[in-house]
Amino acid sequence: MTALHDDARAVLSSWQAPDPAQERLRRAYLDHLDRHPDAMSRGCLAGHLTASAAIVDPDGTRAVLTLHRKIGKWLQTGGHCEEGDSSLGAAALREAAEESGITGLRLLPGPVRLDRHWVGCGGGTWHLDVQYAAVALAGDAPLALDAEESADLGWFPVEAVPDPSDDACRTLIRAAAHAARAART
């Protein structure tokens, strides 16, 4: 996963954080990469980078959310990086396609947000999530539930994320919708 580690360093080094809190996270992620050569692997129990994508329609008005089977919340698609992933963006896009069943997703360039959260994997660790926006080229793309990952899956208005969810997901969905609308102009 050395190439993926290098990609993560390059992505985060060049990313322009939208606010001071995101800048602090960006720097913390880079520091984590410096201290942990295995930071891209779920085996890094000090925390590991993950990749997710908020899937939105081309107008940025609706988003795909998955009712995460283990967590029990409506969230964006995403998860652990895998050995075959060539980049963080590729990992986010792979996860989005696998978890939604949508073919023809277009990943917008660069992350839109970062989110650090505690999870139960490996007995408990930090996920340092790098979050992207993916546009479903057909705004009414049919969905295919991945029953291993999700209890439910659906399209929702960006401003009406269902409960239970969390503020991190709502913030990401709004950022992805904004990025999709900006990409159209």
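In full-length UniProt numbering, the protein residues as written are 1 to 185.
Even for Gly, the Cβ is constructed at its ideal location relative to N, Cα and C.
Please list, in chain order, all residues of the same chain as residue i whose beta carbon is under 7 Å from its beta carbon, the five residues on each side excluded.
{"i": "His80", "result": "Arg42, Thr50"}
{"i": "Gly60", "result": "Val158, Ala177, His178, Ala180, Arg181"}
{"i": "Leu45", "result": "Gly122, Thr125"}
{"i": "His32", "result": "Ala39, Gly47, Leu128"}
{"i": "Gly72", "result": "Pro164"}
Taking DSSP's pairing of strands, which residues face residue i in a bridge?
{"i": "His36", "result": "DSSP lists no partner for His36."}
{"i": "Asp167", "result": "In DSSP, Asp167 forms no bridge with anything."}
{"i": "Gln131", "result": "Ser52, Arg113"}
{"i": "Ala147", "result": "According to DSSP, Ala147 bridges with nothing at all."}
Measuring alpha carbon to alpha carbon, tell me which residue in the options is nearest residue i.
{"i": "Glu149", "options": "Gln22, Leu75, Arg26, Ala8", "result": "Leu75"}
{"i": "Ala53", "options": "Ala134, Ser165, Ala138", "result": "Ala134"}
{"i": "Arg116", "options": "Val11, Tyr29, Glu82, Ser100", "result": "Tyr29"}
{"i": "Pro142", "options": "Asp57, Ala39, Gln22, Glu95", "result": "Asp57"}
{"i": "Ala151", "options": "Arg69, Arg9, Lys73", "result": "Arg69"}
{"i": "Pro18", "options": "Thr185, Ala183, Ala175", "result": "Ala175"}
{"i": "Cys169", "options": "Arg113, Arg184, Leu137, Trp118", "result": "Arg113"}
{"i": "Arg184", "options": "Asp6, Ala144, Glu99, Arg106", "result": "Arg106"}
{"i": "Asp34", "options": "Ser13, Ala21, Pro20", "result": "Ser13"}
{"i": "Pro37", "options": "Gln22, Asp7, Arg26", "result": "Asp7"}
{"i": "Ile55", "options": "Asp85, Ser86, Ser100", "result": "Ser100"}
Per DSSP, what kind of secondary structure is residue i in: helix, strand or coil?
{"i": "Val11", "result": "helix"}
{"i": "Thr77", "result": "strand"}
{"i": "Gly154", "result": "strand"}
{"i": "Arg113", "result": "strand"}
{"i": "Arg174", "result": "helix"}
{"i": "Arg69", "result": "coil"}
{"i": "Ala87", "result": "The residue you asked about is not Ala; residue 87 is Ser in the sequence shown. Of the three classes helix, strand and coil, the one that applies to Ser87 here is coil, per DSSP."}
{"i": "Ala63", "result": "strand"}
{"i": "Arg106", "result": "strand"}
{"i": "Ala160", "result": "coil"}
{"i": "Thr125", "result": "strand"}
Touch test, the segment 152 to 165 against the segment 119 to 130, Cβ-Cβ under 8 Å, three pairs minimum: no
Segment contact flag, the segment 54 to 71 with the segment 160 to 170, C-beta cutoff 8 Å, min 3 pairs: yes
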